[in-house]
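Residue numbers for the sequence shown follow the numbering used here, beginning at 7 and rising by one. This report concerns only the one structure given below.
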Amino acid sequence: MKEQLAKIRAEALSAMENAQSAAELDGLRVQYLGKKGELTAVLKMMGKLSPEERPAMGQLANEVRAALESAIEEQGKRLEAKALEERLAAEAVDVTIPGKAPKLGHKHPMYLALDELKDIFIGMGFTVLDGPEVELAEYNFDKLNAGEGHPSRDWSDTFYFDKDSRVMLRSQTSPMQVRAMETMELPIRIIAPGRVYRKDEVDATHSPMFHQVEGMVIDKNVTMADLKGTLNTVVEQLYGKGTKTRFRPHHFPFTEPSCEMDVQCHKCGGVGCPTCKGEGWIEMLGAGMIHPKVLKMSGIDPEVWSGWAFGIGLERTAMRRFKIADLRLIFENDVRFLEQF
Ligand code: DAH
């Protein structure tokens, strides 16, 4: 029996040390220590021994069992450690592989044009204001001398929020003139860029949502000459020295006299081409001397103060600045287009 135990011990230990997987090791445990295992079978024969032999044999058998159990435990740990190492190796991340560079965006061309405009006006001492797109009709029309029933309300008579037509999406940035007059100390020099809304159909030059930049100066002895001088300076800084402008008489309810300013076509230099629709000039803004009634309605004495104002279409300015042919490109946000600026 002694030899039998020694043989089992030697065989089992060697097999266990060479076990390559947890499953194989478990198989060995069953093979030797399980209910029908080889060691168990030997232990069962203990009863047949003489009482003198039994204690020594029992001790030996216990030693063998203990040796096998600790071999199983140790090999188990070794296999576990090996499996972890293999997993770590397999799942390792190579931190030296060059990464994918994130695509950086940049400013939209229209905001590039706006930044240029802002820089020019800030350089001349103007303050930049921001104002509400959801506006009171009182500010959008009434306080700009276009009371109920005024024909100029027709083209923008849309986008109201209430049945009394008191709250609306502003149709122009001009209500910012009123807001500035009501809240700021005189003299005033402001620009106010932002979105405006009209019931236009979308085409190459129209959109129901677009951007304007309102401008206003109120001071003593301000004249139309200041308006023309300022706007000519802005245009030259924006489009280059020698860029020609022309002022045409026009009508706005809140300015008197009123005008529109055109810039000579950058494509044909004034001869006439498809870009300027054969005119030689491209309309850029509306402007004029602030109507005395408008000053008075906002609490400013027109006998003491005078001022001028203008409203530029920002998309058109950007289109001219970056030679963009179709307004829709500005809003579609196609990366292939935007990447070019
Ligand atoms: N608000 C006018 C428009 O949307 C543009 C305009 C004209 C603004 C004359 C002004 C101005 O400030 O003085 O057509």
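In this text, a Cβ means the ideal position worked out from N, Cα and C, and glycines have one as well. Here the structure is a predicted model, which means the values were calculated and not measured.
Confirm, please, whether the CB-CB distance from residue j to residue i is below 8 Å.
i: Arg322; j: Met290; result: yes
i: Leu142; j: Ile306; result: no
i: Cys265; j: Pro255; result: yes
i: Phe347; j: Phe328; result: yes
i: Phe253; j: Gly292; result: no
i: Met130; j: Ala186; result: no
i: Leu39; j: Leu31; result: no
i: Arg326; j: Ile288; result: yes
i: Met63; j: Leu74; result: no
i: His217; j: Arg204; result: no
i: Val48; j: Met22; result: no
i: Ala198; j: Leu244; result: no
i: Trp311; j: Ile224; result: yes
i: Val300; j: Leu110; result: no
Does the Cβ of residue i have 16 or more other Cβ atoms within 10 Å, making it buried, or fewer, making it exposed?
i: Gln183; result: buried
i: Phe147; result: buried
i: Glu69; result: exposed
i: Thr229; result: exposed
Got a sec: does the ligand DAH put a non-hydrogen atom nearer than 7 Å to the Cβ of residue i?
i: Ser171; result: no
i: Phe165; result: no
i: Glu220; result: yes
i: Thr133; result: no
i: Thr261; result: yes
i: Phe316; result: yes
i: Ser264; result: yes
i: Gln346; result: no
Distance, Cα to Cα, residue i vs residue j?
i: Asp332; j: Ala119; result: 16 Å
i: Gln65; j: Glu59; result: 10 Å
i: Leu90; j: Glu97; result: 10 Å
i: Ala231; j: Thr251; result: 14 Å
i: Gly275; j: Val269; result: 10 Å
i: Gly278; j: Lys106; result: 49 Å
i: Ala324; j: Ile330; result: 8 Å
i: Phe132; j: Glu188; result: 17 Å
i: Met51; j: Ser20; result: 24 Å
i: Glu80; j: Ala25; result: 11 Å
Using a Cβ-Cβ distance under 8 Å, would residue i count as near chain B?
i: Pro280; result: The chain inventory of the structure shown lacks chain B, comprising one protein chain alone.
Within the present structure, is the beta-carbon of residue i separated from the nearest heavy atom of the ligand SAM by less than 7 Å?
i: Ala293; result: Absence of the ligand SAM from the depicted structure is noted, with the ligand DAH being the only ligands included.
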